[in-house]
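Asker:
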Amino acid sequence: MTRLIDLSTPVETGHFRWDVERRLIKSHASGAGQATWAGWNLHAFTHMDSPRHVDPDGFTTDAITLDMTIGPGAVVDISHVPANSPISCEAIAAAGAHLRHGDIALIRACWDERADIGKPEFWLNAPWMTAEAAIWLRERGIKAVGFDFPQDYCIRFFITGEARPPLPEHVTHYHLLKQGVIMFEYLRNMGALRQARNQVIALPIRIPDSDGAPARVIAMEEEG
Numbered sequence: 004m005t006r007l008i009d010l011s012t013p014v015e016t017g018h019f020r021w022d023v024e025r026r027l028i029k030s031h032a033s034g035a036g037q038a039t040w041a042g043w044n045l046h047a048f049t050h051m052d053s054p055r056h057v058d059p060d061g062f063t064t065d066a067i068t069l070d071m072t073i074g075p076g077a078v079v080d081i082s083h084v085p086a087n088s089p090i091s092c093e094a095i096a097a098a099g100a101h102l103r104h105g106d107i108a109l110i111r112a113c114w115d116e117r118a119d120i121g122k123p124e125f126w127l128n129a130p131w132m133t134a135e136a137a138i139w140l141r142e143r144g145i146k147a148v149g150f151d152f153p154q155d156y157c158i159r160f161f162i163t164g165e166a167r168p169p170l171p172e173h174v175t176h177y178h179l180l181k182q183g184v185i186m187f188e189y190l191r192n193m194g195a196l197r198q199a200r201n202q203v204i205a206l207p208i209r210i211p212d213s214d215g216a217p218a219r220v221i222a223m224e225e226e227g
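Note that the working numbering has the sequence shown beginning at 4, numbered continuously upward.
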């Protein structure tokens, strides 16, 4: 039996950080059927980053094929790491001993269970990856990675208003994404995953020549 687990954050209006415009452009009341127009930042809610997001010479969505975002997944459970604490290389290595070359690593903090993505505390109190932890993941040969928390410490500066630091301080973007590891951000519901290994289907919307795209991310687990 196959379990399907949706790891995607719904795109909702009224978010304090991510402005979403949504309106009817046709309605049943007008006799024209119903059609909705929606628009938002491609890097909001669950989305995929391509290397162009951080590197002017990095490849765009045009170069990302299905085999780069679909494949074997490995859950790296660091949910024991306290809020507002660094995730060390030792913690990632202990939790990710089962990682294999070519995996899609799912870094699970269960942060969506501990904080509301609709409130500033989701960013201000999150644990964060260290550079050493990001490098360890890259050296395992993973092809993609997903996070259920704002994984770089300086992401919180969007909330505090502090000046953004140089790219190397965005440690996962610098040590993973810039090096060609596809990144999925703001996953959720990873607490529903029961097995250490699974199959991941991560489908970014097909937006040509882009630095990213909204995505639907699903994990498949075989039981019985």
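Every residue, glycine too, gets a C-beta built ideally from N, C-alpha and C. Keep in mind the model is a prediction, meaning the values are calculated, not measured.
Answer with buried or exposed for Pro59, where buried requires no fewer than 16 other C-beta atoms within 10 angstroms of its C-beta.
Answerer: That one is exposed.
Asker: For Ser53, count the other beta carbons within 10 Å of its own beta carbon; 16 or more makes it buried, fewer makes it exposed. Which is it?
Answerer: With 16 or more Cβ atoms within 10 Å of its Cβ, Ser53 is classed as buried.
Asker: For the beta strand (DSSP E) containing Trp114, name the first residue and the last one.
Answerer: Taken as a continuous stretch (DSSP letters only), Trp114 belongs to no beta strand (DSSP E), being part of the alpha helix (DSSP H) at 114-117.
Asker: Terminal residues of the continuous alpha helix (DSSP H) containing Leu127?
Answerer: Counting along the chain, the alpha helix (DSSP H) containing Leu127 begins and ends at 124-127.
Asker: When we look at the beta-carbon of Arg111 and count the other beta-carbons within 10 Å, is it buried (16 or more) or exposed?
Answerer: Answer is buried; the Cβ neighbour count reaches 16.
Asker: Express the C-alpha separation of Asp70 and Trp40 in angstroms, rounding to a whole number.
Answerer: 31 Å
Asker: Between Ala199 and the rest of its own chain, which residues show a CB-CB distance below 7 Å, the 5 nearest in sequence each way excluded?
Answerer: Ala77, Val78, His101
Asker: Distance, Cα to Cα, Ala129 vs Ser88?
Answerer: Rounded to whole angstroms, the gap between the alpha carbons of Ala129 and Ser88 is 7 Å.
Asker: Looking only at C-alpha atoms, which of His83, Ala97, Thr63 sits nearest to Cys113?
Answerer: Closest option to Cys113, Cα to Cα, is His83.
Asker: Given a cut-off of 8 Å, decide if Ile145 and Val184 are closer than it, judged by their beta-carbon atoms.
Answerer: yes
Asker: Between Pro171 and Met51, how many whole angstroms is the CB-CB distance? I'm expecting something under 8 Å.
Answerer: The pair is not a contact, with the Cβ atoms about 22 Å apart (cut-off 8 Å).
Asker: Using the C-alpha atoms, what's the distance from Ile28 back to Asn192?
Answerer: 32 Å
Asker: CA-CA distance, Gln162 and Pro123?
Answerer: One point to set straight first is that residue 162 is Ile, not Gln, in the sequence displayed. Cα to Cα, Ile162 sits roughly 7 Å from Pro123.
Asker: Please state whether the Cβ-Cβ distance between Leu240 and Arg141 is less than 8 Å.
Answerer: Any property of residue 240 remains undetermined from this structure, which presents the chain solely from 4 to 227.
Asker: Nearest to Asn44 by CA position, among Ile210, Met132, Ala222, is which residue?
Answerer: Ile210
Asker: Which first and last residues belong to the beta strand (DSSP E) in which Trp40 is found?
Answerer: Judged by DSSP secondary structure, Trp40 falls within the beta strand (DSSP E) whose first and last residues are 38-42.
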